[in-house]
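Single-structure report; data block below.
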Amino acid sequence: MATTDHHDITGTAGAAALNRAFQRATETTSECPLFTDPYAPMFVDAAIQRGWRPPSGELAERLRALSDYTAARTKYCDEFLIAAGAVAITQAVLVGSGLDARAWRLPWLADSVVFDIDCPEILEFKRATLTACRAQPAARYVGVPIDPQSDWSAGLRGAGFDPSLPTAWCTEELLARLPPDALGSLLDRIRSLSAPSSRVAVEALPDQRAGLVDRLRQQGWAVTVTPITELLVRYRRVAREGVDHASAPSVLVEGRLRG
Numbered sequence: 005m006a007t008t009d010h011h012d013i014t015g016t017a018g019a020a021a022l023n024r025a026f027q028r029a030t031e032t033t034s035e036c037p038l039f040t041d042p043y044a045p046m047f048v049d050a051a052i053q054r055g056w057r058p059p060s061g062e063l064a065e066r067l068r069a070l071s072d073y074t075a076a077r078t079k080y081c082d083e084f085l086i087a088a089g090a091v092a093i094t095q096a097v098l099v100g101s102g103l104d105a106r107a108w109r110l111p112w113l114a115d116s117v118v119f120d121i122d123c124p125e126i127l128e129f130k131r132a133t134l135t136a137c138r139a140q141p142a143a144r145y146v147g148v149p150i151d152p153q154s155d156w157s158a159g160l161r162g163a164g165f166d167p168s169l170p171t172a173w174c175t176e177e178l179l180a181r182l183p184p185d186a187l188g189s190l191l192d193r194i195r196s197l198s199a200p201s202s203r204v205a206v207e208a209l210p211d212q213r214a215g216l217v218d219r220l221r222q223q224g225w226a227v228t229v230t231p232i233t234e235l236l237v238r239y240r241r242v243a244r245e246g247v248d249h250a251s252a253p254s255v256l257v258e259g260r261l262r263g
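Below you can see the structure in the form of structure tokens.
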């Protein structure tokens, strides 16, 4: 497991999660949001009370420029999880989801369970903030406080994960944080825990696309690739001036195992 300061949400991993929460809060309060995340402003406010400073200067401009991209990615992953529920997949694993409170804000089936794998300081901050706000999850929520870049298989099983059940796996932006040689291990880990009819959604960097798709197909997944540019058109968003979306992490990949 990577070494982190488990008490400081403003550390490296926590700061990145807070920046994403800031983006989701901004989208939620926009004129025509792609999604609604009422918990994102709560995380931002709680972090400010702990001394965190919202993005400013060049970082704020960069996040603002990427706001349509980030919103489209969030919407895509939301729809992926909702679609999995529509075919009676009631077990979901979110790997490296940061401060996105999907277990609280999405419409889950009554018997659904959501496992959330992320760094201990992120999950503790999420738990403390939502508890203070008296927020209740819409599914059974199980936090798995393990660095998502490490081998979390045993920890996930120990938390009650059932590998005999179909699972919806969502990694969103995790691959952008992984060392190049860790991609195969992550996909192998997910595949080893996936029952028939499982699904996986992965965001990939452009230079990871070919290897990612090939690996998934070799493992038996039926693969669908969606470029971010296609999502921007689908959701009626446009690339903002000064942002080259072709050079951004621009491919979202879904895999499905046959039942």
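First residue of the sequence shown: 5, per our numbering; consecutive thereafter. C-beta: ideal position from N, C-alpha, C; glycine also.
Taking the CB atoms as reference points, tell me whether residue i and residue j lie closer together than 7 Å.
i      : j      : result
Leu216 : Ala205 : no
Arg144 : Val117 : yes
Gly263 : Pro200 : yes
Val229 : Arg221 : no
Pro231 : Ser198 : no
Trp112 : Ala142 : yes
Gln27  : Leu85  : no
Ala4   : Val48  : For residue 4 there is no data in the structure shown, the boundaries of the chain being 5 and 263.
Ser202 : Leu261 : yes
Could you pull the start and end residues of the beta strand (DSSP E) that residue i belongs to?
i      : result
Cys174 : 171-176
Gly147 : 144-149
Gln95  : 95-99
In three-state terms, what does DSSP make of residue i?
i      : result
Glu207 : strand
Arg106 : helix
Thr228 : strand
Phe119 : strand
Val255 : strand
Arg262 : coil
Val237 : helix
Gly164 : coil
Ala264 : The displayed coordinates of the chain run from 5 to 263. Any statement about residue 264 would go beyond what the structure contains.
Ala199 : coil
Asp41  : coil
Ser75  : Before going further, note that residue 75 is Ala rather than Ser in the sequence given. Three-state result, Ala75: helix.
Asp82  : helix
Ala186 : helix
Arg193 : helix
Ala158 : helix
Under 8 Å by Cβ, that's how I've got residue i and residue j pegged, so tell me the actual separation to the nearest angstrom.
i      : j      : result
Asp82  : Phe39  : 6 Å
Met46  : Thr133 : 6 Å
Ala76  : Arg241 : 6 Å
Val97  : Phe119 : 5 Å
Leu182 : Gln153 : 6 Å
Ala105 : Lys130 : 7 Å
Ala172 : Val148 : In fact, because the Cβ distance is near 16 Å, the residues do not count as touching under 8 Å.
Ile13  : Arg54  : 7 Å
Gly259 : Glu125 : With a Cβ gap of about 30 Å, Gly259 and Glu125 do not count as contacting.
Leu187 : Gln212 : 6 Å
In whole angstroms, what is the alpha-carbon distance linking residue i and residue j?
i      : j      : result
Glu65  : Leu179 : 24 Å
Asp122 : Pro167 : 19 Å
Ser157 : Glu62  : 38 Å
Asp218 : Pro42  : 38 Å
Ile93  : Leu103 : 23 Å
Ser196 : Asp155 : 12 Å
Pro170 : Leu256 : 21 Å
Ala114 : Ala107 : 12 Å
Leu138 : Leu127 : One detail in the question is off: residue 138 reads as Arg in this sequence, not Leu. Answer to the nearest angstrom: the Cα atoms are 16 Å apart.
Arg238 : Asn23  : 25 Å
Glu35  : Ala51  : 25 Å
Asp264 : Thr33  : Here the chain has residues from 5 to 263 only, and residue 264 is not among them.
Glu234 : Gly15  : 34 Å
Gln140 : Ser189 : 34 Å
What are the boundary residues of the alpha helix (DSSP H) that residue i is part of?
i      : result
Ala44  : 44-53
Gln222 : 213-222
Pro124 : 124-136
Arg181 : Looking at the DSSP string, Arg181 is not in any alpha helix (DSSP H), and its letter there is neither H nor E.
Ala29  : 16-32
Leu63  : 61-69
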